[in-house]
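Going by my numbering, 342 is the number at position 327 of the sequence shown; the sequence numbering is gapless. Comments concern the structure below.
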Amino acid sequence: MRTTAARRMAMDNLRICFFFHRFDGGGAEKMTVLLANGLARLGHEVTILIRHDKGPVRRLLEPAVQVLDMALPERGKLRKNAGNLRWLRRVLRPGRFDVLLSVTAEMSQVAALATYGLRPRIPLISVVHSTLSQEVHSFQRIRELLFPVFNRRYDRVIAVSDAVREDYTTLCGAPPGQAVTVYNPVIGESFWKQAETPCGHPWLVKGRDFQVIVLAGRFCAAKNHALMLEALRLLEGHGDFRLVLLGDGELRGELEAQAKQAGLEGKIDFAGFVPNPAAYFRETDIVALSSRFEGLPTVLIEALAVGAKVVSTDCPSGPREILKGGTFGVLVQPGDPQALADGVLRALRWEPDREALQRRALDFTDARAAEGYLRVIREALAQCAGREPYA
Numbered sequence: 016m017r018t019t020a021a022r023r024m025a026m027d028n029l030r031i032c033f034f035f036h037r038f039d040g041g042g043a044e045k046m047t048v049l050l051a052n053g054l055a056r057l058g059h060e061v062t063i064l065i066r067h068d069k070g071p072v073r074r075l076l077e078p079a080v081q082v083l084d085m086a087l088p089e090r091g092k093l094r095k096n097a098g099n100l101r102w103l104r105r106v107l108r109p110g111r112f113d114v115l116l117s118v119t120a121e122m123s124q125v126a127a128l129a130t131y132g133l134r135p136r137i138p139l140i141s142v143v144h145s146t147l148s149q150e151v152h153s154f155q156r157i158r159e160l161l162f163p164v165f166n167r168r169y170d171r172v173i174a175v176s177d178a179v180r181e182d183y184t185t186l187c188g189a190p191p192g193q194a195v196t197v198y199n200p201v202i203g204e205s206f207w208k209q210a211e212t213p214c215g216h217p218w219l220v221k222g223r224d225f226q227v228i229v230l231a232g233r234f235c236a237a238k239n240h241a242l243m244l245e246a247l248r249l250l251e252g253h254g255d256f257r258l259v260l261l262g263d264g265e266l267r268g269e270l271e272a273q274a275k276q277a278g279l280e281g282k283i284d285f286a287g288f289v290p291n292p293a294a295y296f297r298e299t300d301i302v303a304l305s306s307r308f309e310g311l312p313t314v315l316i317e318a319l320a321v322g323a324k325v326v327s328t329d330c331p332s333g334p335r336e337i338l339k340g341g342t343f344g345v346l347v348q349p350g351d352p353q354a355l356a357d358g359v360l361r362a363l364r365w366e367p368d369r370e371a372l373q374r375r376a377l378d379f380t381d382a383r384a385a386e387g388y389l390r391v392i393r394e395a396l397a398q399c400a401g402r403e404p405y406a
């Protein structure tokens, strides 16, 4: 008798399941939703298992994608993950799904534990969206030591950039061929519709006599918005600059206090989460990224797609890869506010080939991403049908 994986390999439509935490406004969540939509449009049965069925990117999900909400109460991390495990093992009953894709390292570890011992075995693919070596702090040392152990449970690992793949391979000791790069589905039909919609921001009007910088991203330590605020202060002697911050997060209060202390209140607009950042990128003078580390920053790709000028920290990983070493934007030293301020001035003087910027963005389309994911999924199914996971 053929295994479930072997049986499904002979069929065109697959039962694909994604597992992640919630529909936050971050890049990983948005990219997962767009990918799920794209795979469903190709005729595959797509399900999202999620701990909280709420968040700003939930509205982007198309009706063809099923959502299974864990609806577990908030509690300590250990008890929370124990609840995840019990729920997942009930949901992942034999034959229900052909493949499970877990998004983020934590969710992948939970999925590895939940699927242990299930028969027939469901292929497990871990999707890595960030530079894991940069995320590991002292209190996470045990987790770091366990990465190679959990890695043996993954049939494949999809990294969102070459640099993320190399970092993961080094950190986890992944064997050759296990970790592969598939770029995110950033550019698609829905993107162009959003980009062409006027953003309506009062600063982003034609004929303005000041320069506008737009920075989009969750207010967290990794994004380092404080660096951009300090760079804005250093730009005061070089003209009238305004900064629009798109997003929200736990550090918003600290950033508002920093802006007030630096006397920048009238120069900064905390615009909150917006569903169409590309519309802002299309109308601004500069799109900036101030991060300490990334994976494959969506905002840079969206900015290139609308022909915007970009200045970014040369952080691990993603900006250098997207911008081709500075060919398609300005790269500056991470953590250096003067370098970021100087980069803004260089970008303003730069006259790029905007069609070349847009062509580069087309390397990150939803069609290419879906093709790449399906290739990796079928490889994992073939492997699962013939032998055990990587040892």
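Think of the CB as a built atom: it goes at the ideal place given N, C-alpha and C, for glycine as much as any other residue.
{"Item": "Beta-carbon spacing of L372, G322 below 7 Å", "Value": "yes"}
{"Item": "Distance between A43 and G70 (C-alpha atoms, nearest Å)", "Value": "13 Å"}
{"Item": "Assigned exposure category for V48 - 16 Cβ within 10 Å defines buried", "Value": "buried"}
{"Item": "Rounded Cβ spacing between V359 and I173 (contact assumed at less than 8 Å)", "Value": "So it is not a contact: roughly 34 Å between Cβ atoms."}
{"Item": "Close Cβ partners of T62 (< 8 Å) along its chain, the five nearest in sequence each way excluded", "Value": "R30, I31, C32, F33, V80, Q81, V82, L83 and F112"}
{"Item": "Alpha-carbon to alpha-carbon, E309 and S145", "Value": "6 Å"}
{"Item": "C-beta contact flag for A384 and P138 at 7 Å", "Value": "no"}
{"Item": "Residues near G58 in its chain [Cβ-Cβ closer than 6 Å; skip 5 each side]", "Value": "N28"}
{"Item": "CB of A362 within 7 Å of CB of V326, strictly", "Value": "yes"}
{"Item": "A129 beta carbon less than 7 Å from that of L161", "Value": "no"}
{"Item": "Reduced DSSP category for T47 - H, G, I as helix; E, B as strand; rest coil", "Value": "helix"}
{"Item": "Residue span of the alpha helix (DSSP H) that contains D357, given as start and end", "Value": "P352 to R364"}
{"Item": "Cβ-Cβ separation, L260 to L230 (assumed contact under 8 Å), whole Å", "Value": "6 Å"}
{"Item": "Per-residue burial, E298 [other beta carbons within 10 Å of its own, 16 or more giving buried]", "Value": "buried"}
{"Item": "Cβ contact check for the region 262-281 and the region 186-206: 3 or more pairs under 8 Å", "Value": "no"}
{"Item": "Same chain only: Cβ atoms within 6 Å of G188, ignoring 5 sequence neighbours per side", "Value": "P163"}
{"Item": "Local Cβ density within 10 Å of A194, reported as buried at 16 or more and exposed below that", "Value": "buried"}
{"Item": "Whether L346 touches D368 by CB criterion (7 Å)", "Value": "no"}
{"Item": "D357 classed as buried or exposed, judged by whether at least 16 other C-beta atoms fall within 10 angstroms", "Value": "buried"}
{"Item": "Minimum Cβ-Cβ distance from D329 to chain C less than 7 Å", "Value": "The chain inventory of the structure shown lacks chain C, comprising one protein chain alone."}
{"Item": "Other residues of its chain near R392: CB distance less than 6 Å, five sequence neighbours each side excluded", "Value": "Reading off the sequence, residue 392 comes out as Ile, not Arg. Answer for I392: V114, listed in chain order."}
{"Item": "Sufficient close CB pairs (3 or more, under 8 Å) joining the region 257-271 to the region 230-240", "Value": "yes"}
{"Item": "Beta-carbon contacts of A127 that lie in its chain and below 6 Å, excluding the five residues immediately before and after", "Value": "F165 and R168"}
{"Item": "When A382, V314 and Q226 are compared against A293, the one with the closest alpha-carbon", "Value": "V314"}
{"Item": "Nearest-angstrom Cα separation, counted from A210 out to L338", "Value": "20 Å"}
{"Item": "Nearest-angstrom Cα separation, counted from G222 out to L250", "Value": "21 Å"}
{"Item": "Identified DSSP bridge partners for C187", "Value": "DSSP output for C187 lists no bridge partner at all."}
{"Item": "Assigned exposure category for V220 - 16 Cβ within 10 Å defines buried", "Value": "exposed"}
{"Item": "Cα-Cα separation, A246 to A354", "Value": "8 Å"}
{"Item": "First and last residue of the uninterrupted alpha helix (DSSP H) at G268", "Value": "R267 to Q276"}
{"Item": "Beta-bridge partners of D84, as assigned by DSSP", "Value": "I65"}
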